[in-house]
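J.: At position 206 of the sequence shown (counting the first as 1) the number is 195 in our numbering, and the numbers step up by one without a gap. Ideal placement from N, C-alpha and C gives every residue a C-beta, glycine not left out. Because the structure is a prediction, the values reported are computed rather than measured.
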Amino acid sequence: MNHLVPGGRPAPAGRPPGAATARRRVRSTCAAALAVVALLGACGTSEGTASAPAPSATAPAATPTASPPAAGPAVPDVPVQDAGLGSVPAAAPAPVRLVVPDLGLDMPIDAVGVAEDGTMEIPQDADRAGWYRFGPSPADPAGATVVAAHVDSWTTGIGPFSELREVSPGARVEVTTADGVVHAYTVREVAQVPKQDAPVEQWFDREGSPRLVLVTCGGAFDREVGHYADNVAVTADPVVDGAGG
C-alpha cells in the first residue's frame, strides 16, 4: 500500500488497507502501512554516550563543626504539603473485538503503534485488525477511533475487511473494549477513494465528535507496483442511548 502522509498532525496516520475486489491470495502491499508524521521523538540513551567518571578511591575527611548551643531558639513547625502532581487520568481501555453483524464479521483487535521505519504497524494476519493506539479509543469523548486491517495476505488469504465496502449506511457496528463494555455504532458513510485523494487527516482526527473509522484497501490490484488502487473507509457514529440498534 502506498504511504499516506497525514497533513502535519502531531500524531496522525493509520494505515488504511483496503477492500479487495479480486478474490486471490495476493500479498497486498496493503501491508506497507501509512506514514506517521512526527509521532515519536528520539528518547533513551544513545549508544555513544560516555560512562560517568569513576568515583575517587578516597573521600575527603569531614570537617567537624562546633557544637550547637545548649538552648537555642525554638524551631517553628513547618506545614508539610503533598508535593505530588495530582492524579494522572487513566488511559481509556483499548478496543479488543470488532463485530459487524450484517457482514458476519467478528474479529479480534490488536493495539498497534509505529514501526521502526515510521509507518503504522498492522497485524500481518488479515484475520486480525489493528487499532491505532496513539489515537482515541471508543471510550474517549472526542475524535476518531481508527481500526485498520489488511484485505488479504499470503498466509491467511482474503480477510474479513474485504467485505467492508458491502456494508450499508445504518448498519450496526460493535466494538468491545478491554473492560468488557460494548460500544455500538451506526454506519454513516462508506467511501472508496483513490489513495492519493484519501482524507487521511480527517480519518485520524483527534477532535470533533467521537466516531469509528474502519479502513482497508480496495479497488483494482496493480501487480506492477504491488498496491491496491483505492482505500475503503467506513465511518460510524456512536449509538445514542435510547436509539435503535
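If you draw a straight line from the C-alpha of A167 to the C-alpha of M96, how long is it?
T.: Their backbone Cα atoms lie some 14 Å apart in a straight line.
J.: DSSP three-state label for Q113, please.
T.: Three-state DSSP puts Q113 in coil, outside helix and strand.
J.: According to DSSP, is S142 helix, strand or coil?
T.: Here S142 sits in strand by DSSP.
J.: When you compare only the Cα positions, how much space is there between T224 and P188?
T.: Cα to Cα, T224 sits roughly 12 Å from P188.
J.: Tell me whether V228 sits in a helix, a strand or coil according to DSSP, three-state version.
T.: Correct three-state label for V228: coil.
J.: Expressed to the nearest angstrom, what Euclidean distance is found between the alpha-carbon atoms of R161 and V88?
T.: Roughly 9 Å separates the two Cα atoms.
J.: Can you tell me the Cα-Cα spacing of N220 and L153, whole angstroms?
T.: Those two C-alpha atoms are separated by around 11 Å.
J.: Considering V189, what are the terminal residues of the alpha helix (DSSP H) in which it resides?
T.: First-last of the alpha helix (DSSP H) with V189: 189 to 192.
J.: Quick one, are the C-beta atoms of V135 and P158 less than 8 Å apart?
T.: Not closer than 8 Å, so no.
J.: Which same chain residues, not among the five before or five after E196, have their C-beta less than 7 Å away from its C-beta?
T.: So the list reads A131, G132, once near-sequence residues are dropped.
J.: Using a 10 Å radius around the Cβ and a threshold of 16 neighbouring Cβ atoms, would you call S151 buried or exposed?
T.: When all chains shown are included, S151 counts as buried.
J.: Please tell me whether G124 and D99 are closer than 8 Å, where the distance is taken between their beta carbons.
T.: Cβ atoms of G124 and D99: not closer than 8 Å.
J.: Around the C-beta of V170, are 16 or more other C-beta atoms found within 10 angstroms, so that it is buried, or is it exposed?
T.: V170 should be labelled exposed.
J.: For the beta strand (DSSP E) holding F150, just list the boundary residues, first then last.
T.: From DSSP, F150 is part of no beta strand (DSSP E); its letter is neither H nor E.
J.: Taking all protein chains shown into account, do 16 or more other C-beta atoms lie within 10 angstroms of the C-beta of A222, making it buried, or fewer, making it exposed?
T.: With 16 or more other Cβ atoms within 10 Å, it is buried.
J.: Is it true that the CB of G148 sits closer than 8 Å to the CB of A138?
T.: Going by C-beta atoms, A138 is nearer than 8 Å to G148.
J.: Between which two residues does the beta strand (DSSP E) containing M208 stretch?
T.: Sequence inspection shows Gly at residue 208; the Met mentioned does not correspond to that position. Element bounds for G208: 200 to 211.
J.: Which whole-angstrom value is the C-beta distance of V164 and P84, which I expect to be below 8 Å?
T.: With 8 Å as the limit, V164 and P84 qualify as a contact, their Cβ atoms being about 5 Å apart.
J.: Rounded to whole angstroms, what's the CA-CA distance from L92 to I111? Just pull it up for me.
T.: If you take the alpha carbons of L92 and I111, they lie about 22 Å apart.
J.: What whole-angstrom Cβ distance do V140 and C206 have, given they're in contact under 8 Å?
T.: Yes, V140 and C206 are in contact; Cβ-Cβ is about 5 Å, under 8 Å.
J.: Take E178 as the anchor and find which of D226, Q185, D211 has the nearest alpha-carbon.
T.: Per the Cα distances, D226.
J.: From D230, A80, P183, F210, pick the residue whose C-alpha is nearest to that of A128; which is it?
T.: Of the listed residues, the one whose Cα sits closest to A128 is A80.
J.: Buried or exposed: which applies to W192, given that a residue is buried once 16 or more other Cβ atoms fall within 10 Å of its Cβ?
T.: The residue is buried, with at least 16 neighbouring Cβ atoms inside 10 Å.
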